[in-house]
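Quick note, the numbering used here runs 4 ahead of the 1-based positions in the sequence shown.
As structure tokens, the structure follows; a few thoughts come after it.
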Amino acid sequence: MSQKKIEKSENEEPQTTQETKPITNNNIKFTSLVKINLILFIFVGLFISGFIYFLLLNTNVRELEKRVIISENDFANLKTTLNQLKETNNKANLEKETLSNNGNQEDLLIPQFQISDPTKFLSFDKLIGFKEEKVAVDGFIDYIYNKTKYENVGDVEPPLGILLYGCPGTGKTTLARAVAKETKLPFFEISSSMFSQKYRGIAPQMVKDLFATAREVAEQKGGAIIFLDECETIFVNINNLEANSEVANVVNAFKTEMTSINNNPNKPVFVIAATNHIDQLEEAIKSRFTYNIEVKPFARQERQEFLEFMINRRRNPYSDEAKNYLFKVINVALDDYQGENSFLKSNRTLENILKTAINVFCKNREIMEPKTSENSTKSKLREQIEKSDLKTAYSMVVSKDTTILDKIENSTNK
């Protein structure tokens, strides 16, 4: 029996071995299949992802190509815009650098250029004197009013501007304003000292800004006038300066802007400049002005007309004797001043005589009357300016030596 059990055991052992073996092989096959499927899934996923990425990339490239295609006009506009941005950026950097060096924005003093009010200007028909000067500027005014006369006759250069020169006080500014009123063009009245800036680079930029503003207004109004008073402060001879000095840069900026290709001949920007020292101006800048006109002191008759006009305008109370003394004595005495003393018979001198005369009159207006008793005093006020007030004013404004007045008065009374 035990033998049978042993045999049975021996028979059962191989049977057990045969049943375990197939299970192990199936597990291996299943595991391998899972790995293969997983690898295949990953590969397919990567392929699909790559394909989708390729499609997206290709779409973006085509869209980018469409946007990159720009017409020539668009490119030109883009280039212009970039240049404007560059100029603005340079200006901003200049101001930033200036601020960093100084730390005070008020010291920059970069103004906004304003158009003057023409209602305050005298028109040509109300302008006393300037007979020769009016004739000289007539060609300038005719071009502005009658541009069609200058068309279809070959090359005709539009006038660039007028340079007014002469001794101080002769009315150069008044004449320039009258030209502006006569032409009805916008008038930018600029003090040349404005371009004497503390920091380097600001003044030349101001010149560019001035002309840019004037051109913009000229496009709207058909033209514009820039008036530079006392221009000798900025139009100095650059031969006496360092090549890269700030003043030289300002002079060169004006020369460039006055003949710039940006100027529209149909809607021009004219420059009128006034100076008391034409001999100090840079020759190249003088040649930029079409008209060089000397504004001379008035002749005797013109001076009398001017004095009459100013007396009526100021409404000061002159006696008839005082007026006669002013016109026939003081006015005649001014003829003797010539050459470098010509300014003593200028309009400004005439105005100063009248201003001083009224001050002298007011100061000495009170007259003490004789006493009626020891403790009583009376006084009264003079009503009119007398010749003594004018004689004192002459001595204060023109010359302390008044003997010439006495000689003329004596000769007149004979």
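All C-beta atoms in this analysis are idealised placements derived from N, C-alpha and C, irrespective of residue type, glycine included.
1. May I have the straight-line CA-CA distance separating LYS290 from LEU167, to the nearest angstrom?
2. Below 8 Å, can you find three or more Cβ-Cβ pairs linking the stretch 319-334 to the stretch 149-158?
3. Hey, how far is the Cα of SER264 from the Cα of GLN284?
4. Starting from PHE274, follow the beta strand (DSSP E) in both directions and report where the run begins and ends.
5. Around the C-beta of PHE47, are 16 or more other C-beta atoms found within 10 angstroms, so that it is buried, or is it exposed?
6. What does a CB cutoff of less than 7 Å around ALA337 pick up in its chain, not counting 5 residues either side in sequence?
7. Would you call the stretch 123-141 in contact with the stretch 236-245, where contact means no fewer than 3 C-beta pairs closer than 8 Å?
8. Taking the beta strand (DSSP E) that ILE357 falls in, what are its first and last residues?
9. With DSSP as the reference, label SER291 as helix, strand or coil.
10. Between LYS188 and ASP121, what straight-line distance do the alpha-carbon atoms span, to the nearest angstrom?
11. Can you tell me the Cα-Cα spacing of TYR154 and ASN268, whole angstroms?
12. For ASN108, I'd like the list of residues in its chain whose CB is within less than 6 Å of its CB, leaving aside the five on either flank, ordered along the chain.
13. What residue from ILE56, ASN417, ARG352, LYS176 has the CA that sits closest to GLU325's CA?
14. Quick one: residues in its chain with C-beta nearer than 6 Å to the C-beta of ARG352, no 5 flanking neighbours on either side, listed in chain order?
15. Using DSSP with H/G/I as helix, E/B as strand and the rest coil, what is ALA228?
16. Who does ASN296 pair with in a DSSP beta bridge?
17. According to DSSP, what are the bridge partners of ALA385?
18. Would you tell me roughly how many angstroms separate the C-alpha atoms of ILE282 and PHE144, rounded to the nearest one?
19. Can you give me the start and stop residues for the alpha helix (DSSP H) that PHE3 sits inside?
20. I want to know whether the stretch 210-218 touches the stretch 383-392 - three or more CB-CB distances under 8 Å.
21. How is the beta strand (DSSP E) around ILE194 delimited, first residue to last?
22. Decide if the stretch 188-198 is in contact with the stretch 364-371; the criterion is three or more beta carbon pairs, one per stretch, under 8 Å apart.
23. Mind reading off the beta-carbon distance from ILE362 to ILE334? Whole number of angstroms is fine, and I expect it under 8 Å.
24. Grab me the residues of TYR322's own chain with a C-beta within less than 7 Å of its C-beta, minus the 5 sequence neighbours each way, in chain order.
25. Could you have a look at VAL240 and say whether DSSP puts it in helix, strand or coil?
26. Quick check: ILE206 and ILE230, are their CB atoms within less than 8 Å of each other?
27. Distance, Cα to Cα, ASN270 vs SER200?
28. Check for me: the alpha helix (DSSP H) holding GLY143 runs from which residue to which?
29. Exposed or buried, TYR398, counting other C-beta atoms within 10 Å across all chains shown (16 or more means buried)?
30. Anyone know if the C-beta pair for GLY165 and PHE293 falls short of 8 Å?
31. Which two residues bound the contiguous alpha helix (DSSP H) that contains GLU312?
32. Should TYR318 go down as buried or exposed, given a rule of 16 or more other Cβ atoms within 10 Å for buried?
33. Are the beta-carbon atoms of VAL364 and ASP393 separated by less than 8 Å?
34. For PHE258, count neighbouring Cβ atoms within 10 angstroms of its own Cβ and tell me buried if that reaches 16, exposed if not.
35. Apply the 10 Å Cβ neighbour rule to LEU232 and answer buried if 16 or more other Cβ atoms are within range, or exposed otherwise.
36. Got a sec, what are the start and stop residues for the alpha helix (DSSP H) ASN417 sits in?
According to the structure data:
1. Along the sequence shown, one-based indexing puts residue 290 at 286. Along the sequence shown, one-based indexing puts residue 167 at 163. Distance between the alpha carbons of LYS290 and LEU167 is about 8 Å.
2. Contact between the stretch 319-334 and the stretch 149-158 is absent, because fewer than three Cβ pairs lie under 8 Å.
3. By 1-based counting over the sequence shown, the position of residue 264 is 260. By 1-based counting over the sequence shown, the position of residue 284 is 280. One alpha carbon belongs to SER264, the other to GLN284, and they sit about 24 Å apart.
4. If you number the sequence shown from 1, residue 274 lands on position 270. Here the beta strand (DSSP E) through PHE274 covers 273-279.
5. Along the sequence shown, one-based indexing puts residue 47 at 43. PHE47 should be labelled exposed.
6. In the sequence shown, the residue the question calls residue 337 occupies position 333. So the list reads ILE408, LEU409, ILE412, once near-sequence residues are dropped.
7. No, the stretch 123-141 does not touch the stretch 236-245.
8. As a first step, residue 357 must be located in the sequence shown, where it is residue number 353. Careful: ILE357 lies outside any beta strand (DSSP E), inside the alpha helix (DSSP H) at 351-367.
9. Here residue 291 is taken as the residue at index 287 of the sequence shown, counted from 1. SER291 falls in the coil class under three-state DSSP.
10. Looking up residue 188 in the sequence shown gives position 184. Looking up residue 121 in the sequence shown gives position 117. Rounded to the nearest angstrom, the two C-alpha atoms are 11 Å apart.
11. Translated into positions along the sequence shown, residue 154 becomes position 150. Translated into positions along the sequence shown, residue 268 becomes position 264. Their Cα atoms are separated by approximately 15 Å.
12. Here the question's residue 108 lines up with position 104 in the sequence shown. At ASN108, the pLDDT of 42 sits below 50, so the modelled position is not reliable; the number obtained from the coordinates is stated separately. The same chain holds no residue with a CB closer than 6 Å to that of ASN108 once the five nearest residues on each side in sequence are set aside.
13. Within the sequence shown, numbered from 1, the residue matching residue 325 stands at position 321. Here the closest residue by C-alpha is ASN417.
14. For the purposes of this step, residue 352 is taken as residue 348 along the sequence shown, with counting starting at 1. Short of 6 Å from the beta carbon of ARG352, and not among the five residues preceding or following it, lie these beta carbons of its own chain, in chain order: GLY173.
15. Working through the sequence shown from its first residue, we reach residue 228 at position 224. Looking at ALA228 - three-state DSSP - the assignment turns out to be strand.
16. Here residue 296 refers to the residue found at position 292 of the sequence shown. According to DSSP, which records beta bridges pairwise, ASN296 is partnered with LEU167.
17. Along the sequence shown, read from residue 1 onward, the residue named residue 385 stands at position 381. For the record, residue 385 in the displayed sequence is Leu; it is not Ala. Its beta-bridge partners are GLU370.
18. The residue labelled residue 282 in the question sits at position 278 within the sequence shown. The residue labelled residue 144 in the question sits at position 140 within the sequence shown. When the Cα atoms are used, ILE282 and PHE144 turn out to be separated by approximately 21 Å.
19. Not covered by the structure: residue 3. The range shown for the chain is 5 to 418.
20. Taking a cut-off of 8 Å for Cβ pairs, the stretch 210-218 and the stretch 383-392 do not touch, as fewer than three such pairs fall below it.
21. Translated into positions along the sequence shown, residue 194 becomes position 190. Where ILE194 is concerned, the enclosing beta strand (DSSP E) stretches over 191-195.
22. No: fewer than three Cβ pairs fall under 8 Å.
23. As a first step, residue 362 is located in the sequence shown; it is residue number 358 there, counting from the start. As a first step, residue 334 is located in the sequence shown; it is residue number 330 there, counting from the start. Actually they are not in contact, since the Cβ atoms of ILE362 and ILE334 sit about 15 Å apart, beyond 8 Å.
24. Working through the sequence shown from its first residue, we reach residue 322 at position 318. If you ignore the 5 residues before and after TYR322, its C-beta comes within less than 7 Å of the C-beta of ILE315, GLN388, ILE389, all in its own chain and listed in chain order.
25. Here residue 240 is taken as the residue at index 236 of the sequence shown, counted from 1. Strand, per DSSP.
26. The residue given as residue 206 occupies position 202 in the sequence shown. The residue given as residue 230 occupies position 226 in the sequence shown. Result no, Cβ atoms of ILE206 and ILE230 do not sit closer than 8 Å.
27. Taking the sequence shown and counting its residues from 1, one reaches residue 270 at position 266. Taking the sequence shown and counting its residues from 1, one reaches residue 200 at position 196. Near 32 Å, if we compare the C-alpha coordinates of SER200 and ASN270.
28. One-based indexing of the sequence shown puts residue 143 at position 139. For GLY143, the uninterrupted alpha helix (DSSP H) segment begins and ends at 135-149.
29. Taking the first residue of the sequence shown as position 1, residue 398 is located at position 394. When all chains shown are included, TYR398 counts as buried.
30. In the sequence shown, the residue the question calls residue 165 occupies position 161. In the sequence shown, the residue the question calls residue 293 occupies position 289. Result yes, Cβ atoms of GLY165 and PHE293 sit closer than 8 Å.
31. Counting from 1 along the sequence shown, the entry for residue 312 is found at position 308. Note, GLU312: alpha helix (DSSP H), 304-318.
32. By 1-based counting over the sequence shown, the position of residue 318 is 314. The question names Tyr, but residue 318 is Arg in the sequence shown. Result: exposed.
33. Taking the first residue of the sequence shown as 1, we reach residue 364 at position 360. Taking the first residue of the sequence shown as 1, we reach residue 393 at position 389. Yes; because the gap between Cβ atoms is below 8 Å, this pair is in contact.
34. By one-based count along the sequence shown, residue 258 stands at place 254. So PHE258 ends up on the buried side.
35. Against the sequence shown, residue 232 aligns to sequence position 228. Label assigned to LEU232: buried.
36. Stepping through the sequence shown from its first residue, residue 417 is reached at position 413. Note, ASN417: alpha helix (DSSP H), 407-417.
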